[in-house]
Amino acid sequence: MFIALSFTLAASAQETTSIGGYGELHYNEPDGAARGTLDFHRFVLYLGHTFNEKISFKSEVEIEHTKIEATGSGGAEGGEVAIEQAYLDWHFSEHLGMKAGIILAPIGVINQIHEPPTFNGVERPSVDDVVIPTTWREAGAGIYGSFAENTSYQLYAMAGLRAEGLSGEEGLRGSRQEALESSPMNPSITGRIDVVPNTDLKLGASFFVGSTTEGDSALGSGTVGLVSANAQYSTNGFTFRAVGAFAAISDADKINAVYGNDVADQIYGYYIEGAYDVMPLLCAESEFSLSPFIRCEKFNTQAKVTGFAANPLYDRNVTTVGATFKPTFNTAFKIDYQFFNNAADVNTKQLNFGIGYSF
Amino acid sequence: MKSLLCFLCFIAFAASSRGQSTIEDKAKAGLHKMFGDSAAISSSWRRLSGSEIDSIAQLSHSRWQRDSLQVYVCSAHQKTVGYGFVDDVKGKVQFITYLTGINTDGKVQDVDILAYRESYGGEVAYESFRRQFRDKSSADKLIPGKDIKNISGATISVRAITTGVRKILLTYDLLKGTL
């Protein structure tokens with residue numbers, strides 16, 4: 005939650021600036037001989053400003069892996085500093101608002117809402133890594149609002165993906181431009197609709213469509229079309245989340261011919277997750293929550309290929325079993341164990357601990 | 251891309267030129283919905299003392315950021331049927347302005363969101379969320395996530411409105427003999 009640096013007596017009268025943030029420390033220990041690692045994976049600061057009651061600025065600056073260092077011969081992974089969101093928000097009414105700047109593609113669940121206390125598991129779901137390339141943000145503009153009771157929409161035009169970065173292993177992930185001197189030549193459209201039939205259930209559907217080839221006839225159209233659906237249900241301490249996404253890439257064979265890559269024609273992934281808050285059973289008066297959970301993921305970044313054989317390593321399953329302890333709604337202590345396997349019968353496991361916060 | 255930008259500019263100007271009703275207009279319309287179209291609505295300002303503000307803050311974990319508040323009184327046939335309180339609570343960045351109607355039994359008649367200015371979390375304006383407050387009184391703890399259900403993706407707004415309504419109920423309890 006943001007902390008007001010200055011407070012107004014009348015909400016609409018004065019400018020205010022807000023800060024906030026979130027972060028997460030991870031311990032990952034692969035099964036076997038490899039040693040575990042402690043990593044403050046994400047440290048994020050929000051900065052927001054309200055110019056008046058209609059117009060505000062919102063931003064999110066992220067430091068990943070604590071510091072930036074060269075990826076040297078020792079193989080140390082360099083960290084990253086990135087602006088993940090920075091946009092002007094002009095809120096005309098509950099039916100219509102407009103955003104312009106670096107904005108999030110409104111796909112799936114985690115890409116939009118990724119504060120660690122909002123999801124189970126130390127690591128974000130793998131589907132939200134390689135199928136929905138979280139955090140997916142680009143320079144763009146568009147509109148949002150609600151058009152009926154219980155229904156809201158978002159519709160944005162944003163800089164597109166680039167064919168050069170598409171890959172067989174990580175799907176769309178490497179093709180994001182992330183508003184770094186990004187090309188406007190692949191303008192793309194993305195949007196979503198959310199429906200909340202009651203306080204227990206939230207349903208969402210989202211899409212992204214755009215070319216990746218900047219009109220280069222050697223690469224073809226390279227149009228990426230992605231559709232996603234999600235459902236979140238909670239009742240009597242039980243929470244359930246399901247997310248699915250399917251992406252199709254046209255002319256993948258031409259892209260592969262030019263870049264010598266192994267981009268698939270089709271990619272898909274989905275996961276289902278169930279959790280139950282057992283704290284009321286342990287201590288009825290407690291305001292803490294303790295939720296054991298299980299998440300099952302299935303994803304294939306080479307679901308359909310042309311001109312070569314799909315790599316079975318990319319047809320993957322991940323099962324995550326663990327628990328999330330939340331002393332407050334915005335702090336979390338997490339533990340889980342993950343089972344990774346694929347169609348090539350390579351099986352690995354990993355133990356994870358984590359802490360996370362947002363404010 | 252150019253045509254899209256033109257479209258967005260058109261939307262911006264069209265939307266900004268639309269007439270907007272004031273918070274007071276919206277509050278009165280909300281109270282008519284709660285207490286009947288024929289209800290007469292008057293309002294007056296009530297000053298809160300330092301000890302009253304402290305006492306409410308201690309019980310509600312939410313503090314009035316001003317020392318006077320506007321109280322709407324709704325009456326029908328020369329008889330008071332309810333009260334209305336307008337308040338602002340902080341969402342993620344912007345303030346949320348909401349109306350709480352309380353009947354003469356000290357129970358919430360309804361809650362109405364008069365202005366929601368964020369791009370996320372607007373689900374708190376949905377009737378399915380707001381109706382959870384009906385008939386709640388100061389005897390109810392209104393614990394977010396337990397007594398009032400959370401909506402995924404709107405947690406900050408849900409908590410802000412829930413603690414705000416509890417603050418209003420406790421304020422009503424303290425002031426009811428003097429309203």
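Residue numbers (our numbering), protein chains in the order written: chain U, 5 to 363; chain H, 251 to 429.
The beta-carbon is built from N, C-alpha and C at its ideal position, and this holds for glycine as well.
Around the beta-carbon of HIS311 (chain H), fewer than 16 other beta-carbon atoms lie within 10 Å, marking it exposed.
Secondary structure note for GLU142 (chain U): its beta strand (DSSP E) is the uninterrupted segment 141-152.
Chain H places no beta carbon closer than 9 Å to that of GLN306 (chain U), leaving this residue out of the contacts. Per DSSP, the continuous alpha helix (DSSP H) segment holding ALA261 (chain U) begins and ends at 256-263. Chain U has no Cβ within less than 9 Å of the Cβ of ILE352 (chain H). The DSSP-derived three-state label of SER310 (chain H) is helix. Closest by C-alpha distance to ASP360 (chain H), out of H:GLN382, H:LYS342, H:ASN400, is H:GLN382.
A straight line joining the alpha-carbon of ASN154 (chain U) with that of THR332 (chain U) spans about 28 Å. The Cβ atoms of ALA163 (chain U) and GLY144 (chain U) sit closer than 9 Å to each other. Each residue's CA atom was taken as its position, placing GLU119 (chain U) and GLY360 (chain U) some 8 Å apart. Shown here for GLY300 (chain H): not one same chain residue has a beta carbon closer than 7 Å to its own, the five before and five after excluded. Contacts between PHE379 (chain H) and chain U, judged by CB atoms closer than 7 Å, involve THR203 in chain order. Contact with chain H is absent for GLY27 (chain U), since none of that chain's Cβ atoms lies less than 9 Å from the residue's Cβ. Among the residues facing chain H, ILE111 (chain U) is not included, as its CB has no counterpart in that chain under 9 Å away.
Annotated as proximal: ASP204 (chain U) and THR239 (chain U), with beta-carbon spacing under 9 Å. DSSP places PRO284 (chain U) inside the alpha helix (DSSP H), whose first and last residues are 283-286.
Flagged as an interface residue toward chain U: TYR376 (chain H), by a C-beta distance shorter than 9 Å. Within its own chain, the residues whose Cβ lies closer than 8 Å to the Cβ of TYR341 (chain U), once the five positions on either side in sequence are excluded, are THR324, VAL325, GLY326, LYS353, GLN354, LEU355, ASN356, listed in chain order. For the C-beta of THR54 (chain U), the chain H residues within less than 9 Å are, from N- to C-terminus, VAL343, GLN344, PHE345, ARG367. As computed with DSSP, ARG166 (chain U) is found in no beta bridge at all. For TYR148 (chain U), the closest Cβ of chain H is nearer than 9 Å. Under a criterion of Cβ atoms nearer than 7 Å, the residues of chain U adjacent to SER402 (chain H) are, in order, LYS206, GLN236. Around ASP362 (chain H), the same chain offers GLY280, LEU349 as residues with beta carbons nearer than 6 Å, after the five sequence neighbours per side are excluded.
Nearest CB-CB separation between PHE212 (chain U) and chain H: not below the 9 Å threshold.
In this structure, the CA atom of ASP304 (chain H) is about 29 Å from the CA atom of ILE291 (chain H). Non-local C-beta neighbours of GLY40 (chain U) in its own chain, meaning closer than 8 Å and more than five positions away in sequence, comprise TYR31, ASN32, GLU33, PRO34, LEU355, ordered along the chain. Taking 9 Å as the cut-off, the Cβ atoms of SER288 (chain H) and TYR148 (chain U) do not count as close. Close partners of SER60 (chain U) in chain H (Cβ separation under 8 Å): VAL343, GLN344, ARG367. Non-local beta-carbon contacts of ALA347 (chain U) in its own chain, meaning distances under 6 Å to residues more than five positions away in sequence, involve PRO316, ASP319 in chain order. Neighbourhood of LYS399 (chain H) in chain U, by CB distance below 8 Å: THR203, ASP204, SER238, in chain order. The Cβ atoms of PRO121 (chain U) and GLY195 (chain U) lie no closer than 9 Å to each other. Excluding sequence positions up to five before and after PHE250 (chain U), its CB lies within less than 6 Å of the CB of VAL231, TYR272, all in the same chain and listed in chain order.
One finds VAL200 in chain U with Cβ atoms closer than 7 Å to the Cβ of GLU373 (chain H), taken in chain order. Chain H places no beta carbon closer than 9 Å to that of HIS118 (chain U), leaving this residue out of the contacts. The C-beta of SER221 (chain U) comes no closer than 9 Å to any C-beta of chain H. Any Cβ of chain H closer than 9 Å to the Cβ of SER22 (chain U) would place that residue at the interface, and such an atom is present.
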